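What follows is a short report on a single structure.
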Amino acid sequence: MQSITTFFQTLIDGVLIGGVYAVISIGLSLVFGVMHIVNFAHAEFLMLGMFIAWFAWAYAGIDPMLGAFIALIITFFIGMGMQRVLIKPIIGAPQVAQIFLTVGLLFAMENGALLLFGADFRSVSTSYQTQALTLFSGESGRILVPLDKLYAFLMALLSGASLWFFLNRTSWGRAMRATSQDPMAAKLMGINTDKMYMIAFGLGVGTTAFGGAVILPYITASPTVGSQFVVLMFTAVVLGGLGSVAGAVVGGIMVGLIQSFSALILPIQLQNLTLFVIFILVLALKPEGLTARRRS
Amino acid sequence: MTAPILQVQNLTRRFGGLVAVNDVSFELDPGEIVGLIGPNGAGKTTLFNVLTGIYPPSAGQILLRGAPSGGLKPHKIAARGMTKTFQNVALFMESSVLDNVVTGGLLKNTLPEARKKARAILERVGLASIADKKAGDLSFPERARVEVARALCTEPDILLLDEVMAALTPAEMEDVITLVRSLRDEGITFVVVEHHMKAVMKLCERLLVLNFGELIADGTPTDIAQNDRVIEAYLGSSFAKKRQHQAPEVLA
Amino acid sequence: MTRFFYPSLAVVAVTVMSLLPLTLDPQGYEIRILCIAMLFAALGQAWNIVGGLANQISLGHAAYFGIGAYTSTILLRLFSLSPWLGGILGMVLAVLFALLLSVPTVRLKGHYFALATLGAGEAMRVIANSWASVTGGPVGISVPYSRESSLWMMQFPTVLPNYYLFLIALVIICLVFWKIQTGALGFRLRAIKENEQAAEVIGVDTYRAKLIASTVSAAITAFMGTLYAQFQFFFDPDTVFGVATISVKMALIAILGGVGTLLGPLLGAAFIIPMEEFANSYFGASVAGLSQFAYGVILVVIILINPRGLVALIGQIKNRIFSKGGSQ
């Protein structure tokens with residue numbers, strides 16, 4: 001550590017980006033928690049969210065922070081449809097079928113986007129992109145909070161809190177949690193579990209698309225952008241316990257911190273390697289955390 | 001007096017705060033047929049799972065032919081001569097009946113030998129006619145018998161049978177009892193968990209009674225039927241929990 | 001009839017495959033497609049040993065493939081070592097990597113195993129990209145080309161000898177798979193697939209069986225990596241360590257054809273590779289992503305129609321035809 005300001009700057013960077021990772025990962029965890037399906041294609045909805053927000057910005061001048069809501073709504077309905085047509089038939093199917101269906105979906109979506117949108121990188125320009133709050137300025141350096149990252153973080157907090165409210169304080173949320181814990185019992189209680197699965201998948205991909213849209217001011221959109229986030233997402237989710245929504249938040253922030261602190265000592269490509277190693281080790285060493293039921 | 005083939009000393013298994021098997025001690029002599037009874041949730045299947053290595057013991061010792069076997073992996077314990085059947089039936093459902101049994105035979109044989117052995121065992125337990133059927137297509141009583149055949153093919157010294165007579169007709173039960181007796185005569189030691197009390201009383205020379213994980217009685221069927229703690233376990237506490245359906249038979 | 005039917009079918013198939021290239025231009029496009037199809041049939045078969053028989057769904061087999069390709073190529077560049085020896089060394093390294101990876105993954109199942117192996121394959125890709133002093137980094141690495149024809153150095157003036165190397169490799173790998181499938185290990189692996197706990201209780205050393213299967217599969221995959229390197233003469237980390245290009249493609253081919261069956265990967269490769277090549281040549285490289293888009297769609301469709309793949313589908317169709325014929 002060069003100095004105390006570097007430390008705090010790194011900490012702030014880690015938490016800001018980690019908050020976004022958290023929101024992106026919540027959706028993945030929600031889908032697993034409710035349907036017990038690992039959606040390998042999940043990061044593609046982040047890409048979709050970024051593209052929707054980009055088009056909203058490019059053609060209607062809508063700021064990505066607002067475009068995120070459009071992305072959420074559109075992907076929510078796409079997700080519901082996909083759940084109905086693609087995911088529903090494989091609930092309870094052999095795992096090899098579950099895994100490769102979503103892997104197939106990953107390829108179809110990533111390359112479908114490549115065919116539709118081309119390989120161009122697309123970015124937005126906003127007034128706040130280059131601005132930053134100065135938290136501290138002194139001889140040892142400065143601590144800055146970039147506004148684009150701060151706004152993304154705040155939006156992430158907002159969506160995380162809304163999801164928490166939905167799951168814990170609304171009757172639909174309770175029905176969804178009941179479905180995740182015991183689908184048979186939920187059915188007997190009169191809950192339409194098929195509908196719950198559709199809503200859960202829609203919400204799961206919608207939340208992730210929302211997270212994708214809010215980072216558009218500082219990460220450029222491209223059809224392959226999802227692949228940058230796959231390991232991040234899965235590491236966050238696995239760190240927090242697959243299926244645990246609250247765990248995904250903790251895991252997301254941890255991944256953000258690991259990434260920003262490893263950037264201090266490692267070259268950029270090896271940052272991801274750190275995550276891979278942590279990812280495999282966590283899978284191996286904390287299996288009980290993985291199979292633990294969602295607690296939130 | 002022969003040396004005991006299995007010694008269980010102060011065996012305990014906890015799951016978090018729940019003590020599923022609590023300080024259980026008993027011994028088995030070679031060639032015994034012992035019944036393990038107790039109300040639902042008494043810890044019978046957990047005890048089997050600890051003995052066969054599915055769960056390591058939390059405390060206590062298991063001596064298999066004098067050598068400690070507690071905490072060994074299941075396949076090592078199987079190689080030392082102890083295996084079990086599964087209460088909920090855990091066959092290889094996509095494989096044929098023959099292949100299920102052959103897999104057991106591979107523990108101590110080459111593949112061609114295991115095949116020969118498996119066919120002989122299927123003949124003996126009366127499953128030869130369905131040897132080529134897929135295990136997943138069988139009826140429940142048939143599956144239970146395949147479980148027994150597969151376990152037998154590992155050439156065990158001690159075989160733990162977990163409710164293999166459930167859903168059998170009285171005639172079929174009679175067949176199983178005859179089979180177990182004849183296998184015992186060849187030197188296999190049996191521990192049998194069974195809810196059908198008449199069958200247990202008929203088959204077993206000795207009973208172990210578990211209640212809430214504790215061994216509350218160990219004796220001949222007649223002794224057990226008159227044992228106060230057993231009667232209390234079945235009638236007293238179980239009445240309240242509406243699990244008394246076996247109780248009249250214990251007393252019968 | 002059944003006793004001799006499949007062996008004779010195999011003999012006929014191998015004879016046809018041996019004579020087929022003699023009718024083709026030895027430098028032509030068709031023979032290259034056949035080479036790639038055999039390469040991926042062999043890879044699918046290698047994946048099938050762990051993924052099909054034991055249901056350990058690996059999404060990281062590219063790690064082994066890349067290790068094989070890089071080991072022989074780097075040694076050839078540095079010491080002019082024969083790719084045969086380099087390939088064997090690559091197999092050894094791949095086996096060591098498989099053993100290392102088994103420490104954290106041998107107890108994992110299903111999704112968790114898939115995720116962990118995916119991470120391991122990606123880790124190798126990152127390493128190959130960043131360790132540029134040895135691997136050449138993201139720009140790739142080329143096999144030094146000599147004009148002389150030499151079996152020892154695995155270099156030939158035409159593709160024809162490569163074709164026979166691929167064919168021999170494929171035949172050997174199919175025999176290995178068949179031996180495992182019908183042997184004691186096959187029984188053990190199927191037991192693990194269908195009920196791991198029951199397998200343990202009746203005496204199957206599940207760790208050992210999985211380790212043997214995964215090391216055999218890793219070694220085969222690595223050697224195919226060497227054959228690929230000597231066939232393509234140039235490759236980069238994103239190709240040989242790629243998730244889409246290798247890991248998923250291997251699995252896709254086995255699943256499409258029929259997971260856990262001997263014929264599956266052969267059918268899968270015979271279907272996928274020509275289709276991919278056709279799409280690429282018809283639409284050209286200008287339409288980037290088309291073949292992978294098609295992969296994705298095919299994978300989704302085949303799983304929704306019948307997760308057991310083409311072998312089962314053919315069986316269904318056969319049954320339908322026969323039962324119709326019988327009833328009329």
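Chains as they are written, first to last, in UniProt numbering: chain A, 1 to 296; chain B, 1 to 252; chain C, 1 to 328. Every residue gets a Cβ at the ideal spot worked out from N, C-alpha and C, and that includes glycine. Bear in mind the structure is a predicted one, so any value in this text is a computation, not a measurement.
Counting along the chain, where does the alpha helix (DSSP H) carrying C:Val126 start and finish? As a working note, residue 126 of chain C is residue 126 in the third sequence. C:Val126 -> alpha helix (DSSP H) spans Gly110 to Ser130.
Is the beta carbon of C:Asp238 sitting closer than 9 Å to the one on C:Gly136? The residue labelled residue 238 of chain C in the question sits at position 238 within the third sequence. The residue labelled residue 136 of chain C in the question sits at position 136 within the third sequence. When the beta-carbon positions are compared, C:Asp238 and C:Gly136 stay at least 9 Å from each other.
In the DSSP assignment, what residue or residues form a beta bridge with B:Glu214? On the second sequence, position 214 is the one that residue 214 of chain B refers to. Partner(s): B:Asn211.
Residues of chain B with CB closer than 9 Å to the CB of C:Arg188, please, in chain order. By one-based count along the third sequence, residue 188 of chain C stands at place 188. Close partners of C:Arg188 in chain B (Cβ separation under 9 Å): Thr103 and Leu106.
Taking only beta-carbon atoms, is B:Ser238 less than 9 Å away from chain C? The residue given as residue 238 of chain B occupies position 238 in the second sequence. Unreliable placement is indicated for B:Ser238, whose pLDDT of 48 sits below 50; the coordinate value is still reported in the next sentence. No, because no Cβ of chain C sits closer than 9 Å to the Cβ of B:Ser238.
Environment of A:Gln181 [buried if 16+ CB atoms lie within 10 Å]: For the purposes of this step, residue 181 of chain A is taken as the residue at position 181 of the first sequence. By the neighbour-count rule (16 or more Cβ atoms within 10 Å), A:Gln181 is not buried but exposed.
Any residues in the segment 90-102 of chain B with a beta carbon nearer than 8 Å to a beta carbon of chain E? Which ones, in chain order? You won't find chain E in this structure, because its protein chains are A, B and C.
Which residues of chain C have a Cβ atom closer than 7 Å to the Cβ of B:Ala149, listed in chain order? Translated into the one-based positions of the second sequence, residue 149 of chain B becomes position 149. Per Cβ cutoff of 7 Å: no residues; B:Ala149 is ~11 Å from chain C at best.
Check whether chain C comes within 9 Å of B:Lys117, counting only Cβ atoms and requiring the distance to be less than that. Here residue 117 of chain B refers to the residue found at position 117 of the second sequence. Judged by the 9 Å Cβ criterion, B:Lys117 is not in contact with chain C.
With DSSP as the reference, identify every bridge partner of B:Lys84, one or two as the case may be. In the second sequence, the residue the question calls residue 84 of chain B occupies position 84. Partner(s): B:Leu160.
Check whether chain C comes within 9 Å of B:Leu111, counting only Cβ atoms and requiring the distance to be less than that. As a position in the second sequence, residue 111 of chain B is number 111, starting the count at 1. Contact with chain C is found for B:Leu111, since one of that chain's Cβ atoms lies less than 9 Å from the residue's Cβ.
Distance check for B:Lys44 and B:Phe212, CA to CA, integer angstroms please. Sequence index remark: in the second sequence, residue 212 of chain B carries index 212 (1-based). Sequence index remark: in the second sequence, residue 44 of chain B carries index 44 (1-based). Those two C-alpha atoms are separated by around 10 Å.
Run down chain A in chain order and give the residues with a C-beta less than 8 Å from the C-beta of C:Ala213. Translated into positions along the third sequence, residue 213 of chain C becomes position 213. Here the premise fails: no neighbours, minimum Cβ distance about 16 Å.
Would you call the CB atoms of A:Gln83 and A:Gly202 closer than 9 Å? Translated into positions along the first sequence, residue 83 of chain A becomes position 83. Translated into positions along the first sequence, residue 202 of chain A becomes position 202. For A:Gln83 and A:Gly202, yes; Cβs fall inside 9 Å.
Can you give, in chain order, each stretch of the alpha helix (DSSP H) that sits fully within the segment 27-55 of chain C and has at least 4 residues? Taken in chain order, the unbroken stretches of alpha helix (DSSP H) that lie wholly in the segment 27-55 of chain C and span 4 residues or more are 29-47.
Touching by the beta-carbon criterion (3+ pairs, under 8 Å), the segment 19-34 of chain B and the segment 198-205 of chain B: Result yes; three or more Cβ-Cβ pairs closer than 8 Å.
Alpha carbon to alpha carbon, how far is C:Ser133 from C:Ile272? Give it in angstroms, no decimals. Position 272 of the third sequence holds residue 272 of chain C. Position 133 of the third sequence holds residue 133 of chain C. Spanning the two alpha carbons is a distance of roughly 36 Å.
Given this structure, state the Cα-to-Cα distance separating B:Val50 from A:Gly206, to the nearest angstrom. In the second sequence, the residue the question calls residue 50 of chain B occupies position 50. In the first sequence, the residue the question calls residue 206 of chain A occupies position 206. It is roughly 46 Å from the alpha-carbon of B:Val50 to the alpha-carbon of A:Gly206.
Taking only beta carbons into account, state which residues of the segment 40-60 of chain B come closer than 7 Å to chain C, listed in chain order. Across the segment 40-60 of chain B, CB contacts with chain C closer than 7 Å involve Thr52 and Ile54, in sequence order along the chain.
Please classify B:Phe239: is it buried, with 16 or more other beta-carbons within 10 angstroms of its beta-carbon, or exposed? Here residue 239 of chain B is taken as the residue at index 239 of the second sequence, counted from 1. Reliability of the predicted coordinates at B:Phe239 is poor, the pLDDT of 46 falling under 50, and no value is obtained from them.
Should residue 259 of chain B and C:Lys193 be called a contact, given that it needs their Cβ atoms to be closer than 9 Å? As shown, chain B starts at 1 and ends at 252. That puts residue 259 of chain B outside it, with no answer to give.
Taking the runs of the beta strand (DSSP E) that are 3 residues or longer, which of them lie wholly in the segment 82-168 of chain B? Listed in chain order, they are 82-84 and 158-162.
Check whether the Cβ of A:Ile62 lies closer than 9 Å to any Cβ atom in chain C. Here residue 62 of chain A is taken as the residue at index 62 of the first sequence, counted from 1. Answer no: the Cβ-Cβ gap between A:Ile62 and chain C never drops below 9 Å.
Contacts that B:Ala79 makes with chain C (C-beta to C-beta distance below 8 Å): As a first step, residue 79 of chain B is located in the second sequence; it is residue number 79 there, counting from the start. What B:Ala79 touches in chain C: Gly203.
State yes or no: is the beta carbon of B:Cys204 nearer than 9 Å to at least one beta carbon in chain C? Here residue 204 of chain B corresponds to residue number 204 of the second sequence, with the count starting at 1. Answer no: the Cβ-Cβ gap between B:Cys204 and chain C never drops below 9 Å.
For A:Val38, return the contacting residues in chain C, with the cut-off set at a CB-CB distance below 8 Å. Stepping through the first sequence from its first residue, residue 38 of chain A is reached at position 38. Contacts between A:Val38 and chain C, judged by CB atoms closer than 8 Å, involve His111, Ala114 and Leu115 in chain order.
How many Å lie between C:Leu165 and C:Ala37 at the Cα? Locating residue 165 of chain C in the third sequence gives position 165, where the first residue counts as 1. Locating residue 37 of chain C in the third sequence gives position 37, where the first residue counts as 1. C:Leu165 and C:Ala37: Cα-Cα distance of roughly 13 Å.
Touching or not, the segment 35-47 of chain A and the segment 158-177 of chain A, by the rule of three or more beta carbon pairs under 8 Å? No: fewer than three Cβ pairs fall under 8 Å.
Where in the segment 53-105 of chain C do unbroken runs of the alpha helix (DSSP H), each at least 4 residues long, occur, reported from the N-terminal end onward? You should have 62-79 and 83-105.
Mind checking which residues open and close the beta strand (DSSP E) that includes A:Asn168? Sequence index remark: in the first sequence, residue 168 of chain A carries index 168 (1-based). Going by DSSP, A:Asn168 is part of no beta strand (DSSP E) but of the alpha helix (DSSP H) stretching over Leu147 to Arg169.
Under 8 Å by beta carbon: chain C residues contacting B:Lys133: The residue you call residue 133 of chain B lines up with position 133 of the second sequence. Ordered by position in chain C, no residue passes the 8 Å Cβ test against B:Lys133, which lies about 15 Å from the chain.
B:Glu172 lies in the alpha helix (DSSP H); which residues open and close that run? Position 172 of the second sequence holds residue 172 of chain B. Looking at the DSSP string, the run of the alpha helix (DSSP H) that includes B:Glu172 is Pro170 to Asp185.
For chain A, find out if any of its Cβ atoms is closer than 9 Å to the Cβ of C:Arg208; answer yes or no. Position 208 of the third sequence, counting from 1, holds the residue named residue 208 of chain C. The beta-carbon of C:Arg208 is placed no less than 9 Å from the nearest beta-carbon of chain A.
Mind checking C:Phe278: buried by the 16 CB within 10 Å criterion, or exposed? For the purposes of this step, residue 278 of chain C is taken as the residue at position 278 of the third sequence. Exposed.
Count the other CB atoms, across all protein chains shown, that sit within 10 Å of the CB of C:Lys249; report buried if there are 16 or more and exposed otherwise. Position 249 of the third sequence, counting from 1, holds the residue named residue 249 of chain C. Label assigned to C:Lys249: buried.
Drop a sphere of 10 angstroms on the beta-carbon of B:Lys242, count the other beta-carbons inside from all chains shown, and report buried for 16 or more, exposed for fewer. As a working mapping, residue 242 of chain B is identified with position 242 in the second sequence. Low per-residue confidence applies at B:Lys242: pLDDT is 43, beneath 50, and the placement is therefore not dependable, though the value from the model is reported in the following sentence. Label assigned to B:Lys242: exposed.
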